[in-house]
Amino acid sequence: MKRILKLSLLVLLVLSLVIVFTGCGKKDEPKETKPIEKSEATEAPKEEEPKEEASAKETTEDEKVTIRYWSTNRHDKAYIDETIEKFNKENDKIFIDYEVYAENFSQMIDLAFSTDSAPDIFQLPLQVNDTVPKGYIAPLDDFMDDEYKARFGENAFIEGVNMVDGKIYSLPYTSSECRLFYNQSIFEKVGIEGPPASLEQMVEYAKKITDELKGEGIYGFACNFASPGSSILRSVDPIVQKSGGVREGYDFKAGKFDFSSYKPVVEAFREIFNGGYGFPGSESMNIDPLRTQFAAGKIGMYLSVSHAEPGVYATQFPTEENWNCAQVPSVGGEIKGKQQLWYGGYYYGISSKTKYPQEAWEVFKYIHSDEVLKGYFEANLGEVMIPTAKEGANPPETYIRMPDLQINDNDANWPALPANLVVEGKLYADVFVAAIFGQIDVDAAIEDLNTRYNAAYDKLVEEGAERIIYPNFDPINQDLSK
Amino acid sequence: MRKKENKLSMTLHKIKEERTTYLMLLPNLIMFVVFTIYPIAWALSFMFYEYKGFGEKKWIGIDNFIRIFTRDHDFWDSVIHTLEYVGLKLIYTLPLALLLAVLLQKSCRRNSVAQSVIFMPTIMSQAVMALIFYLIFNTYNGSANQYLQSLGIINQPINWLGVNLAMVTVIIVAVWGGIGNYMIYFIAGLTGIGEEIYESARVDGAGDIRIFFSITLPMLAPVLKMILMLALVISFMDYQSIMVLTGGGPLGATNVMFLYVYQLFFPISPGSRAPQEFGYGAAVSLVCAAIVGIFVGIYLILARRLDNLTE
Amino acid sequence: MTISRRKIVFGVIKWFLVGAVCLFTIYPVIYALIGSLKTNAELTLGGSFFPKEAQWQNYEYAFSQLNFGRYTLNSFTLAILTVILTLITSSMAGYAIGRRNFPGKGLLSSLYLFSMFVSVGSVALYPLYVLLSDLKLTDSLMGIALVLTGGQASNIFLISGFVKGVPKELDEAAHIDGAGIFRIYWQIILPLIRPIIGVVALFAFRLAWNEFVTSQVFTMQNRDLQPLSVAVANLRYSANAAAEWHIMAAGASIALIPMLLIYAVANRQFIGGITAGAVKG
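Residue numbers (this note's numbering), protein chains in the order written: chain S, 1 to 482; chain W, 483 to 793; chain G, 794 to 1074.
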């Protein structure tokens, strides 16, 4: 008898531990999100505050609905944190839980949905027509009336950009464009007058700077190849598009993948990096370490996106360097195509599995509100795409000094790419980075990519997807008539 | 007939007697089944399908395996990198560990302290240390290059984590983490060899080095065999510190098998548009397990042959 | 050369080599500890070995701004949970295998042994994650603790080895007094294998404290649950990583110091445990 008692006591002990710790470890109930002081260390009292706030909030917790909001942006976190705090203070019914996930965002979302713990609002990591078939996001049409839709300007809602099958899934928010960033003092040192006007000139300048200033640790060109997808998309791709090539390998006119227009660009990059003129260690450098090197005056030029850089060099890695922004060069200097916007026309989505659609919409409206976006624009955190928000706003100082930062007519949304393609093996960005560093031959790389990508797309079409083809298409006119 | 009945009833009777034992085994057994067997079963059940993480599972038969053996060059690259890693790591770690074990086996104060210092890396988090090494080996701001430059050994900073040297750096970190562990194993083995054998050898006039090769090594052989096999298996499955140190890069230079599998489930590169491939991932992981099994098998056969030779 | 001269030369060579290895081993740890007290500039630009002025505020920053207090608590919680679960389950299982003969014992032992060598590695993470979310165990550290406990077959063999060393007469004496199987375990065996229980506890603590991949995958969505190892590794990708080396060093030190302290006190036990395992194996 005693033995069984002892055993059951043991089992009870384990069970109670399970219960206690399962309860104990639960995520902290809503706490204050504090804007992060970037430079100074903070004083101790700040630590006391959140504890009291948390316990006070717990008593009213049951009444407030928590809406979880995820994004990947680091450069605007301080500003967004402030706007969220303001909302949370003023709104009695809703509490916004804002989280920034810098890495692996796309598959975090996948994981979240597969385990039924998805956020209510999140930045769309992929195009809408990749995300909608997965069943992740809800249509927004029922939430909006015509008046609300009008504030987004004319032609704001485009199939394939923020609409799928006629329903709206995301709203225009901010956009960003790829640009060339260069260090004017370095240029002056070697006697270069202005930014390169063509791809060939960019290579020439890169070589010149490296040749002359290598002894001081200064190099002409750098790129954040540690993330092939991110780096190629902001450097090689815009040059290809502007030179009359394809978007991410897809030829809309022919209705298939054709990477041959990448050849001159990849070869130019290869000349720089495989030839030893690139910043050493580029192959294992991420964008932030690259920016610190640029801020330290070690890099002549690099390609990146217009919305982040000003904030980066003002607060994240403040610099004294005389840097400027220019247009992305093209092959031969001629503009033969529009440049795809880095996010333009869509941004956030509301989860289809949210338990509180009304409250989520409230938050969604707030995120896209004039109030929030006006301040965003003035703080130079991005090119805002909502006309009503920009009315009466003071353009940020950097816009005046560097007009190339702004969006122009050559920045536009290309048509939507084939969605949910499952390509066997390495993606094109990884292949091209390998080619740039001389590990594989450029022609062989292009042929391999064409084979694999078309095989994957043909398979999708076989399974019932409609082949995307616009017979009258060309990169500069973007004629979608059939 | 009777005998069979008897055996069965004896077994049943034994089971009844040992009820408590089974109860005591139960918690651990449940965890074992859930956390060790279940994932293997899951992988086995998914390997004939194509599954992207959402939507439907699609039966594709052995297509995953055909793909592994004919179309997936990246996987076999990762296998080669794994072999590189395992080979280099063991070649540098084991002899050094053995040497240290021989030097430090006598239990005296100084030796104990040295042993404890050298063993220290095993108690620290691999991920945290990988981060520290990332800082140390950083090309521009890392202390490794700073020291080398201030000592005048190099002019330009060495690109430790670049395409050419990343594997070297990974090996350095692996050796750093492994010496202590194997040294202790060797010491345990060495202490198993009694003092008397050494004494009688010395009486016969044998020198230290001769003793080492003719007595120590042969007597250590069984333990050596065991340690080598353990080291082999563990090294094949090492991917945590590589993941933190280089992420498998740059350009896949340090991508090892199990890291490749991890990436099929949790893709690492940001901005990649590819959906996950769970079916394929399951198939690849089984091939990986098989590869490890094959190498262990080869090793065991070789070891047995060697045994037969020396006898 | 005379014999004593030889001994001296030999000694010099030996301690030169051992000293070099010790230096190599200790350097990264010292780098982290001392670096945590430097400013970012001192770390990245190099210069003197010691900081000009100890920057204790690095730690303060980590605790107050980066939530390291929470992460440390998580690490301790996870570690203690794992230790308790491991001790309970492994000791009972180790006793059963070491002492009792039961139908299926051979099969079970081989199965456990087998599991120590065969592993599917990273593929286990995804199905376990889905399973635990279905069981609602991902909201706390209990899920991770269970996964970590489930994977330690070696502890069972450690314990069973020791159990075999306890003289059977004690069992028989207790049996005559009317004690059952569990009672013998609880009152006779356990007290006598305390040393190895201590070792198992140490190993379990170390495993839980240092574990990275499992903890990372299972806390991907619950930032607040992350233990120190994951939080420190993630520092590298935080907003200001490139400019905050001193914070990374401080974070790493916070993760290292508890284990170092435990090691300082119990290092012979750790080493003894490995030795015991090796001998039995």
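Note that beta-carbon positions come from the ideal geometry of N, C-alpha and C, so glycine has one too.
Here the structure is a predicted model, which is why all the values come from computation and not from measurement.
Nearest candidate by alpha-carbon position, reference E1037 of chain G, set W:V599, W:I544, W:L617, W:H563: W:L617
S352 of chain S versus S:V431, S:F225, S:I137, residue with shortest Cα-Cα distance: S:I137
Counted within 10 angstroms of its Cβ, other Cβ atoms place W558 of chain W as buried (16 or more) or exposed: exposed
Cβ of S883 of chain G within 8 angstroms of any chain W Cβ: yes
Classification of C590 of chain W by the beta-carbon crowding that lies within 10 angstroms, buried from 16 upward: exposed
Spatially closest choice to T837 of chain G from S:K355, S:E212, S:T292, by CA coordinates: S:T292
Selection from G:N1027, G:L904, G:E1004 that minimises the alpha carbon distance to T604 of chain W: G:E1004
Residue nearest to G278 of chain S in terms of C-alpha spacing, selected from S:P310, S:N88, S:F221, S:V65: S:F221
Chain W contact for F259 of chain S (CB, 8 angstroms cutoff): no
Closer than 8 angstroms to chain W by CB, W979 of chain G: no
For L643 of chain W and D479 of chain S, the rounded distance between their alpha carbons: 46 angstroms
Own chain residues within Cβ distance below 6 angstroms of G153 of chain S, not counting five before or after: P387
Extent of the continuous alpha helix (DSSP H) run through F122 of chain S: F122 of chain S -> not in any alpha helix (DSSP H); beta strand (DSSP E) instead, spanning 121 to 123.
Cβ distance (whole Å) where V738 of chain W is taken to contact Y721 of chain W below 8 angstroms: 6 angstroms
G215 of chain S (DSSP reduced to helix, strand or coil): helix
Contacts around V305 of chain S, its chain only, beta-carbon distance under 8 angstroms, and the 5 residues preceding and following it disregarded: S176, E177, C178, R179, R234, W342
Chain S contact for V876 of chain G (CB, 8 angstroms cutoff): no
Sequence ranges, alpha helix (DSSP H) only - wholly within the segment 319 to 372 of chain S, length at least 4: 357 to 367
Inter-residue spacing [alpha-carbon to alpha-carbon] between I36 of chain S and Y79 of chain S: Interpretation of I36 of chain S is limited by its pLDDT of 29, a score under 50 that renders its predicted location unreliable; no figure is taken from the coordinates.
Local Cβ density within 10 Å of G464 of chain S, reported as buried at 16 or more and exposed below that: exposed
Integer Cβ distance of I974 of chain G from R1029 of chain G, believed to fall under 8 angstroms: Between R1029 of chain G and I974 of chain G the Cβ distance is about 52 angstroms, and since that is not below 8 angstroms, they are no contact.
Counted within 10 angstroms of its Cβ, other Cβ atoms place L507 of chain W as buried (16 or more) or exposed: buried
Contacts around V240 of chain S, its chain only, beta-carbon distance under 6 angstroms, and the 5 residues preceding and following it disregarded: S261, Y262, V265
Nearest-angstrom Cα separation, counted from V992 of chain G out to Q945 of chain G: 13 angstroms
T1076 of chain G and N510 of chain W closer than 8 angstroms at C-beta: No statement about residue 1076 of chain G is possible, as the shown extent of chain G runs from 794 to 1074 and does not include it.
Selection from S:D458, S:S117, S:A268 that minimises the alpha carbon distance to V433 of chain S: S:A268
Selection of the segment 998 to 1017 of chain G by Cβ proximity to chain S, strictly under 9 angstroms: V1010, M1013, Q1014, N1015, R1016, D1017
Continuous beta strand (DSSP E) stretch holding M301 of chain S: start and end: 299 to 305
Chain S contact for Y922 of chain G (CB, 8 angstroms cutoff): yes
Beta-carbon separation (whole angstroms), A609 of chain W vs S723 of chain W, contact threshold 8 angstroms: 7 angstroms
Buried versus exposed, by CB contacts within 10 Å (16 or more), E53 of chain S: Confidence in E53 of chain S is poor, its pLDDT being 34 and thus under 50, which makes the residue's placement unreliable; the coordinate value appears in the next sentence. With fewer than 16 other Cβ atoms within 10 Å, it is exposed.
For P238 of chain S and C223 of chain S, the rounded distance between their alpha carbons: 14 angstroms
Where F1063 of chain G sits in the DSSP three-state scheme: helix
Nearest residue (CA-CA) to Q107 of chain S, options S:T131, S:K365, S:L460: S:T131
Chain W within 8 angstroms of G944 of chain G, Cβ atoms only: yes
Minimum Cβ-Cβ distance from G763 of chain W to chain G less than 8 angstroms: yes
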